[in-house]
Each structure stands twice: as structure tokens, then as C-alpha cells.
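Take a look at the structure set out below.
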Amino acid sequence: MKKYILTIAISFIGLMNLMANDSAYVEAMKTQLEQFDQAKSPEEFQKVANAFSRIGEMNSNEWLPKYYAAFALTNAGFRTEGIKEKDAFFKQAQDLIDKAISENGENSELVAMKGYALMGELAADPAGRGQHMSGLVMSTFGKALSYDSENPRAMILMAQMEQGTAKFFGTGPEKACGMAKQSLQLFELEASYVNENPLAPKWGKDIAEKMTQQCQ
Amino acid sequence: MKNIIIILILISSVRAEAQNLITGFITSNKGDSLPGVSIYIKNTYDGTSTNAKGFFSFKTSATGSQFLVAQSVGYKNQELPIDLNASPIEIEIQLKEAIDQLNAVTITAGAMEASDENKAVVLKPLDIVTTPSAMGDIIGAFQTLPGTSTVGNDGRLFVRGGDASETAIFIDGLQVGNAFGTTASNVPTRTRFSPNLFKGSFFSTGGYSAEYGQALSSALALNTVDIPLRSQGDISIMSLGGGYTQTLVGKNNSLTASANYFDLAPYQSLIKQDFNWERSPYGWDVSLAANQKVGNGGILKAYFQKESNGFKLWQQQPGEIGKGNLIGIKNDYTYTQSNIKLIGKNNWSYTGGISYSENIDQFDLDSQNVRQQNRLIHAKGVAIKDFSDAISLKMGIESTWSAYEETLVNEGLSRDFLDQRYNLFLESDYYLSNQLIFRGGLRSGYSVLSDEFWVDPRASVSYKFEHEGQMSFAYGTFSQLPLEKFRVNNNSLGNTEAEHFILNYFISKNGRTFRAEAFHKSYDNLITFNGSNLAPEDISLSGSGYAKGMDFFYRDRKSIKETDFWVTYSFVDSKRRFDSFESKVQPSFAPKHNASIVAKHYVSALQSQIGMSFSFNDGYAYTNPNLAGEQYAKTKSFQNLSLSWSYLPKPNLIIHLACSNVLGRDNIFGYQYAPETNETGLVPGMPITQGAPRFLFMGIFLTLSKDKTANQLNNL
Numbered sequence: 297m298k299k300y301i302l303t304i305a306i307s308f309i310g311l312m313n314l315m316a317n318d319s320a321y322v323e324a325m326k327t328q329l330e331q332f333d334q335a336k337s338p339e340e341f342q343k344v345a346n347a348f349s350r351i352g353e354m355n356s357n358e359w360l361p362k363y364y365a366a367f368a369l370t371n372a373g374f375r376t377e378g379i380k381e382k383d384a385f386f387k388q389a390q391d392l393i394d395k396a397i398s399e400n401g402e403n404s405e406l407v408a409m410k411g412y413a414l415m416g417e418l419a420a421d422p423a424g425r426g427q428h429m430s431g432l433v434m435s436t437f438g439k440a441l442s443y444d445s446e447n448p449r450a451m452i453l454m455a456q457m458e459q460g461t462a463k464f465f466g467t468g469p470e471k472a473c474g475m476a477k478q479s480l481q482l483f484e485l486e487a488s489y490v491n492e493n494p495l496a497p498k499w500g501k502d503i504a505e506k507m508t509q510q511c512q
Numbered sequence: 083m084k085n086i087i088i089i090l091i092l093i094s095s096v097r098a099e100a101q102n103l104i105t106g107f108i109t110s111n112k113g114d115s116l117p118g119v120s121i122y123i124k125n126t127y128d129g130t131s132t133n134a135k136g137f138f139s140f141k142t143s144a145t146g147s148q149f150l151v152a153q154s155v156g157y158k159n160q161e162l163p164i165d166l167n168a169s170p171i172e173i174e175i176q177l178k179e180a181i182d183q184l185n186a187v188t189i190t191a192g193a194m195e196a197s198d199e200n201k202a203v204v205l206k207p208l209d210i211v212t213t214p215s216a217m218g219d220i221i222g223a224f225q226t227l228p229g230t231s232t233v234g235n236d237g238r239l240f241v242r243g244g245d246a247s248e249t250a251i252f253i254d255g256l257q258v259g260n261a262f263g264t265t266a267s268n269v270p271t272r273t274r275f276s277p278n279l280f281k282g283s284f285f286s287t288g289g290y291s292a293e294y295g296q297a298l299s300s301a302l303a304l305n306t307v308d309i310p311l312r313s314q315g316d317i318s319i320m321s322l323g324g325g326y327t328q329t330l331v332g333k334n335n336s337l338t339a340s341a342n343y344f345d346l347a348p349y350q351s352l353i354k355q356d357f358n359w360e361r362s363p364y365g366w367d368v369s370l371a372a373n374q375k376v377g378n379g380g381i382l383k384a385y386f387q388k389e390s391n392g393f394k395l396w397q398q399q400p401g402e403i404g405k406g407n408l409i410g411i412k413n414d415y416t417y418t419q420s421n422i423k424l425i426g427k428n429n430w431s432y433t434g435g436i437s438y439s440e441n442i443d444q445f446d447l448d449s450q451n452v453r454q455q456n457r458l459i460h461a462k463g464v465a466i467k468d469f470s471d472a473i474s475l476k477m478g479i480e481s482t483w484s485a486y487e488e489t490l491v492n493e494g495l496s497r498d499f500l501d502q503r504y505n506l507f508l509e510s511d512y513y514l515s516n517q518l519i520f521r522g523g524l525r526s527g528y529s530v531l532s533d534e535f536w537v538d539p540r541a542s543v544s545y546k547f548e549h550e551g552q553m554s555f556a557y558g559t560f561s562q563l564p565l566e567k568f569r570v571n572n573n574s575l576g577n578t579e580a581e582h583f584i585l586n587y588f589i590s591k592n593g594r595t596f597r598a599e600a601f602h603k604s605y606d607n608l609i610t611f612n613g614s615n616l617a618p619e620d621i622s623l624s625g626s627g628y629a630k631g632m633d634f635f636y637r638d639r640k641s642i643k644e645t646d647f648w649v650t651y652s653f654v655d656s657k658r659r660f661d662s663f664e665s666k667v668q669p670s671f672a673p674k675h676n677a678s679i680v681a682k683h684y685v686s687a688l689q690s691q692i693g694m695s696f697s698f699n700d701g702y703a704y705t706n707p708n709l710a711g712e713q714y715a716k717t718k719s720f721q722n723l724s725l726s727w728s729y730l731p732k733p734n735l736i737i738h739l740a741c742s743n744v745l746g747r748d749n750i751f752g753y754q755y756a757p758e759t760n761e762t763g764l765v766p767g768m769p770i771t772q773g774a775p776r777f778l779f780m781g782i783f784l785t786l787s788k789d790k791t792a793n794q795l796n797n798l
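If you're matching them up, the sequences are chains F and P in order.
Our numbering numbers the first residue of the first sequence as 297 and each following residue consecutively.
Our numbering numbers the first residue of the second sequence as 83 and each following residue consecutively.
Take a look at the structure:
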């Protein structure tokens, strides 16, 4: 009897530890997501990215820490001055996504994030990189949508690229605006689902709203 | 019993309570404080990042012996053992700089790279297609780079006082035989390969890697596209012909098939030509490229190209009346290659491949029929080992088989030779820091035909300053066996030789690039002969010479909105005793002052890109037999202003218009003289001119793809 109780007690503690680990992961992620929302400067984004990378090291079976680390670095890149300085952030972000893809498999969000980081690299030097990179960026977003045609982030990022291309070709904003509108519907659709994972990416609706407003 | 459970529960919850404070600061090995460094206790969530001054402070619930990890991009990770029981902990950490590709110095002496990937780049692959004077020819774009001279009646690449045969062309590291189309004397030629095949190129005007041989002056290494972006069909309709290319892309492989036809007859019947064409140039080509990804990051490529072309032309002779001599040329060319790149274990990587070139020319000169056949097989294997991020070693082995045969068809006379060459090379890169790199290499060779063994040492060093500019120095000796037409006469002819010294300064920052280079090149064992170029006698290696000078390149796509331009100036002082010259002379292919300007401006309102290029040199030296001495005469300066207009009415459609020599300048490349004096006691001569005052090009390029995002941006 004693032995039996002891076994239950120990396995209970084991379970508690497991849950504690699991919730420690979720807690750590939630804390950093809050930090993310408050981050403004490249330094703050770098700090958040560092924290997500640490969480990623502890949980190599999860792709989300690496995803958010890459997202934070991409944000840092957009807010930094200088091509070389921007490139350092975007390259780091791309490396993290590549790592996540090789460790955890490819999915729509990861591919879309890779496209976002590539888009940042392009935007750092549009005159020098626009021609050869725009095809790659577009096809990366296309690939993200082929994994999940309802990914609103892939859609709005593609809309932004399309907007740039349309401006370049002088072909009018109809296609880009249509995509922005469509992404807004996808954001609403996403919000109506109950996502089983509270940490899943949800960002981007503000971009879609802003762009559809500009379209009107 | 209850106690046990309580104790167990206590143990499991006690972890969260102890909090040890760790503070400190982090510097680089140069003593600068490092912000944004991630610092944490290994295998825990506890950690933070350093602030703007390199300080950090965080609490951890971990206890006992742990590892503290510090991580920052551009630096080597550091793990330090710490004892958390000795709290509070204060610690200073120094991070060692890592050698990283993004920031490290590169060797730029002699080298000019056209790629999307590297930073020490002077051209983008697209520039090759969009330079107006280039008319879509790869070499045309390189002729706007420093160190080159435009020789308008030849069309090939002339580098720093070297003749065109001193530039070797490689595709994916494999040598290409007869990379330029066959032509008659004074009729310019083009490269055989479409610029769309290549993702990047490496053009060296001297001091290049031990990997490349059989080139006294220059190496041009072209790298083919890996896997294209998407499946598509490309239609081209041009004023001279048309073509179709179909690209199929799978997950791990791709197939590209292309067929093109051209005929200048309709164009030349509409626009008056100065050359008297009996049959305008015509030809066709087909090509097939298949690529397959293999293993982890490796790729297997196979390429095949076949083409056939020809023309007939009346060439007037100095001192003679009438149409002159009729020359007919028919050329058949095959090039095929396969190469593989593999990533091995323990930081080894391997490349290897084999290429085959076959060129058959049939010349009809009035009553004489000459057939020439060149065949070249080049096999190569290279292994690269990265011992660390600072030291790498490249080793290679090559075997080349070259055969040449020339036949006088009517007489049934023929002669030939076969040579086998073996080469070994070894090269090592050593980074002392991100600022300083050394490269040393050796290339050895043996030719069976001339029974000669040789070793060429190469070395370079490069230093990067704080302001991101960098200084490089390169040295090397280079060996090249003489042209086939000489070797077939005299099988024992060994190598011609050159020695290069190059000093280079390069800076590229935020859309502006500046490059300056000074060089000295000495030549030895150059070919000399008596008699004429067509029937050389007493061929020997007793020539020598030099070329020295400097060149400048400035590119800017920042200062003027939507405009990208570059300016080059090259000064070359070259003299050599070679061919049948009796003294050291300035070769006709080495004008002293060479300059070019290329500018491209995008006009959104017109959906168009307007391009302009201007090339200049101060004239070509030539020998006037009516005057004393050799090569004392000089033509008037060469000038060519070309314009282009690319219009994109739809994203997948591009209409391209280009015109060379818009001003119609009557460029003269030298003079041809009769073999004897006429009744006035003078040797009659005539200028070597252009085929037409201008060349006009119009093309419509349409891309068809299921992918709605496909556009012609990457063809602009």
C-alpha cells in the first residue's frame, strides 16, 4: 500500500513537472508576446528576439518561438537605418526560419514569415534588389498560400508586394486592393475560429485595415 | 507516509523560490561594449539581453553549478561555468569576433563580380541584359567595365593590353572552347551563350585564383542558374528572328528547353549596310538544361547546346577595284557539360564536372576551301575543406584533351595535333580576422605535346578599413599555350607567360561603389614569326612585353532618383614584341585611354526604362607602310553612343528598342594595306570600318505562366 501511494505521488509530481514545464513554456511565450507588443526600437525587438530564441533552444520541437524571434528581428530590420544594418537583421530572421523549417517542418506561417524577411531585404535597397528579388518574394508568398489559402498574413503581405509592383508598372491598385480586402475577410474568418493554440500567430489585421482604407 | 508526500510536494515547489541575481557586462575582444547580446543560464528560461552600454542583470531560480551562455550575431558563442550558490554573481565577459560572411573582408584585386549574392559586386546579372551598347551580349556589358578595351571590329574581350585569346571563359568552372562565334576578319562577333543561362559571373582582369589556367590576362567564370523560380514559356520576337523557351520546374528539379532562329537578311535589306553581304548572317541554336537537387544542398546539372550559322561577304582589297574577295563561312558548334556539387560531412564540399566543346568552321575563300576543327574535353574535380571559419583549403585536379585539325579541302591536305594536359591546383584562404585575409595558391601543369611541366604561384592579401573600404594586393604568374594555328605548325611550342602585380581599393556603401586599381603585367615567351599571319614561318617564343596602368570605376544608384549609372576610365600603357613585329610596339588592340558611361533611368509615368551608354577610346595604333617604323600611326578616337528604351505595357510583356552609335560616327579601327606599292610609289590602304553606321534592334518578349505573379521585371 505504501509503495502504491508513493508511486502515485511520484508520478503525480512527474505529471505536475511536465505541466509546469509546459505551462512554463506557455507563460514564457505569453510574457514575450506582451513584450513584443510594447517593443518599438530595434534594440527592444532584438531583446524580444533573443528571449524567443532562448525559449526556442529549450523547446526545439516547437516552431513558434523561432517564428516569433524571426518576426521580432524582421521588425527590428524595418526600423533600422542603413542597408548593411538592415541586412544583418533580415538575414538572422531568414536563418531562424530556415532552422525552424528543417527542425519542425514547413508550414504556411513559416513560409510567409520567410517571405516577410525577404521583403524587408528587398525594401532595404529597392533600386538594387527590386528586379531580381520581387519574383522570389512573390513566389514565397504564393507558396505560403498554397499551404493554407486562408492565411490572412500571407495574403496581406502579398498585397503589399503587389501594390509596390503595380506602382512600378503603373497598372493601378485594383489587384492589390482586392487582395487587401480579401485578407481582411480572412482575418475575420480567423477571428471566428476558436484556435486550439493560444500562441498561434494572429498579427496583421491592422495592416490590412490600413491598406483597405487607403484603397477607398 | 503523509510526511513523505508533503516532503515530495515541498521539494517540487521549492524550485520557484530561490532567486539568484547575476549582473555583469559584455565587451568585444577589441574592448567595445556590446549591446543586444543574449545572455542566459543554459537549459533554463532565465536570461536577458545586454543594454545599450553592454550591461545586463537578471534573476534565476537555478542553483548549483550551471553554464552561463552569451550569444550575439557576429561573435562566437561563449559558455562559462558558474556556481550559483555563490550569489550574487558579477561577471565580465569578452566575446570573440567570429569570421562571418556578411562582414568579412573579400579579395577584390583584379576581381569584378556580377551577382545578386555577394557584396563586392560591381554589376548585377541583369545589367548584362540592360546595358544598351551590349545588345544582349554578355561580353558587351563587360566591355563597359574597367580594364577592358572596346575593339569594335572584333567584339571579343580585350583586357589590359592583352589580346582576345588571353581571356579564358569558364561555365560552372569548366573551360569552354570557342565561346565566341566564328567570323571573318574585321566583322565583329558575339558570345554564343544567352545571358539568361547565368545567375552570376566572376570577371577577373588579373591576379586570379589558382583554379583558373590557360589565360594570360583574364578569366571570366560564368555560373548557371540553379532551379528557376517557376514554370513558364518565353516567346521572343525580334527584328532579326525569334525564339521560344519552355521552363518546367518541379519540387527538386527543372528542365529548360530553348530554340532560336535568326536571319539578318530582312533587316539588312531595309537598312543600308556598308559591308557588301552576299548572304546576310543567319543561324539557329537549340539548348537543353536539366538540373536536379541532390543530397543536402547539392545540385546536379547537365547542359547541351548546338548551333549552326553562316554568311557570305564581299571584302574589298586595298588597291584593287571591284567587289573584292568573296568569303563564305559556315560554322557548326556543340557544347555540352555536366557538373555536380555535393556537400559532404565534416565541412567538406565537392564539385566536379566534364565539358565538351566542338567547333567546325568551313571557310570558302574564292577558290580555296579550308576546314578547321577544334575539340576540347575538360574534366575537373575540386574538394574544399573548411577547417574552421578562418581557414579553408581548395584542391583540384584537371585533365584537358584538345585536338585540332585543319584541312585544305580541294588539295586534300591536312594536318592536326592532339594534346593532353594535366593540372593540379591547391589554394588556401586564411582569415586572420574579419579585416585581414591571405590567399596563397599553386597551379601546376604538364602538357604531353610540348613535354613541358610548369608551376604558377599565386598570392593575394586584403585588408578592410574601419570605414569599410578595403585594399587588396594580388600577385601571380600565368601560363598559356599558344593558339592552335601555331601549335599545329610547331608541336614543341611551350607556354607563353605573364606575371601580374595588382593593387586595388574598393568600397561599396549604401548604393555607391568606387573601385580603383593599378597594375603591372609583364609578358614573356610571346609568339613571334616571320611572314604573314596566314602563313607564319620560323615560329618561336622569343617575344616579350609589358602592360601597366590604372583604372577607375564609380557606380551610383542613390544620387539621382530612379537612376543608376556607372562611369569607368582605364589607362593602359602597353608595348610588346609579338607576331611579325620587329620591335616592341603598342598593339592595335590596346588603346591608351578608354572610358565608358552607362546610365539607366526608370520613368514610372511611361512604364519605361531608358538606357544610355557611351564608350570612348583615343584610337587604335596601326602600321602605315608609307611611313617609317611600326605602329606609329593612330586612328581617330572611337566613340559610340547607344540608347535603349524598354517599355512594359503589361507585367508579362516587354518591348525593347535599342540603337547603337546613334550619332552615326564613322569609327575606324585601323587600316589595311596592299602588299605592294602602286604606280605612285605609295602602298595603297583602306580604312577598316563598321558594318553599318548604326545597329537597330527591336524585340518583343512575352512570358506565359499559370503563376499570375509572373512578370518581366527580371528581364528589364
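For glycine and all other residues, C-beta sits at the position ideal for the given N, C-alpha and C.
Can P/SER496 and P/GLU509 be called in contact, C-beta distance under 8 Å?
no
Proximity test, Cβ basis, 8 Å: F/GLU470 and chain P
Using beta-carbon distances, F/GLU470 does not count as an interface residue toward chain P, since no partner is under 8 Å.
May I ask you to report which of helix, strand or coil DSSP gives P/LEU92?
Low confidence applies here, because P/LEU92 scores a pLDDT of 47, under 50, leaving its location unreliable and the question unanswered by this model.
Chain-order list of residues whose beta-carbon lies under 6 Å from that of P/GLY576 (same chain, five-residue window excluded):
SER532 and GLU534
Give the interface partners of P/SER686 over in chain F, defined as CB-CB distance under 9 Å, in chain order.
LYS463, PHE464, PHE465 and GLY466
Could you check where the alpha helix (DSSP H) with F/ASN346 kicks off and where it finishes?
338-354
Length of the line joining the Cα atoms of P/LEU623 and P/LEU608
5 Å
Quick check: the segment 364-371 of chain P against the segment 394-401 of chain P, are at least 3 beta-carbon pairs closer than 8 Å?
Contact fails: fewer than three Cβ-Cβ distances are below 8 Å.
Best match in P/SER474, P/SER154, P/GLY106 and P/GLY478 for proximity to P/TYR513 [C-alpha to C-alpha]
P/SER474
When we look at the beta-carbon of F/PRO422 and count the other beta-carbons within 10 Å, is it buried (16 or more) or exposed?
exposed
Closer than 8 Å, CB to CB, is P/SER120 near chain F or not?
Yes - at least one Cβ of chain F is within 8 Å of the one on P/SER120.
Should P/ASN722 be labelled buried (16 or more other beta-carbon atoms within 10 Å of its own) or exposed?
Under a 10 Å Cβ-count criterion, P/ASN722 is classified as buried, with 16 or more other Cβ atoms of the shown protein chains found around its own Cβ.
What are the boundary residues of the beta strand (DSSP E) that includes P/PHE547?
From DSSP, P/PHE547 is part of no beta strand (DSSP E); its letter is neither H nor E.
Tell me, please, whether the CB atom of F/ARG350 is closer than 8 Å to any CB atom in chain P?
Chain P contact via Cβ: present.
Could you check what DSSP says for P/ALA347 in three-state terms: helix, strand or coil?
helix
Kindly indicate which three-state DSSP category P/LEU798 falls into: helix, strand or coil?
For P/LEU798, the pLDDT reaches just 48, beneath the cut-off of 50, and the residue's location in the model is therefore unreliable, although a value from the coordinates is still provided. In the structure shown, P/LEU798 sits in coil (DSSP, three-state: anything other than H, G, I, E or B).
Of the listed residues F/GLN510, F/PHE367 and F/GLU417, nearest to F/ARG449 (C-alpha basis)
F/PHE367
Go through the segment 285-336 of chain P residue by residue and report every complete run of the beta strand (DSSP E) that reaches 3 residues or more, in order.
300-306, 314-320 and 323-331
For the segment 628-647 of chain P against the segment 590-603 of chain P, are there 3 or more C-beta pairs whose distance is under 8 Å?
yes
Does chain F have any CB closer than 8 Å to the CB of P/LEU730?
yes
Bridge-paired residues (DSSP) for P/GLY613:
P/PRO618
Which residues in chain P sit within 7 Å of F/LEU432, going by Cβ to Cβ distance?
LEU311
Quick test of the definition: if touching needs 3 or more C-beta pairs under 8 Å, does the segment 677-685 of chain P touch the segment 645-655 of chain P?
yes
Residue(s) in a DSSP beta bridge with P/LYS375
P/ILE381
Buried or exposed for F/ALA420, please, with buried defined as at least 16 other CB atoms from any protein chain shown within 10 angstroms of its CB.
buried
Rounded straight-line distance, which links the Cα of P/SER336 to that of P/LYS716
52 Å
Given 7 Å as the limit, tell me if P/ASN516 has its C-beta closer than that to any heavy atom belonging to the ligand GTP.
In the structure on display, the ligand GTP does not appear, and there are no ligands present to speak of.
Identify the continuous alpha helix (DSSP H) that holds F/PRO448 and give its terminal residues.
448-465
What residue range does the alpha helix (DSSP H) around F/ALA504 cover?
501-511
The segment 438-450 of chain F: positions lying closer than 7 Å to chain P by Cβ
GLY438
So, is the C-beta of P/TYR557 closer than 8 Å to a C-beta in chain F?
no
Alpha carbon to alpha carbon, how far is P/ASN373 from P/LYS467?
25 Å
For F/LYS501, collect the residues of the same chain with a Cβ closer than 7 Å to its Cβ; drop the 5 residues on either side in sequence, then sort them by chain order.
PHE483
Helix, strand or coil for P/ARG803, going by three-state DSSP, please let me know.
This structure leaves residue 803 of chain P out entirely; chain P is present only between 83 and 798.
Could you tell me the boundaries of the alpha helix (DSSP H) in which F/THR436 lies?
422-443
For the beta strand (DSSP E) holding P/LYS462, just list the boundary residues, first then last.
450-468
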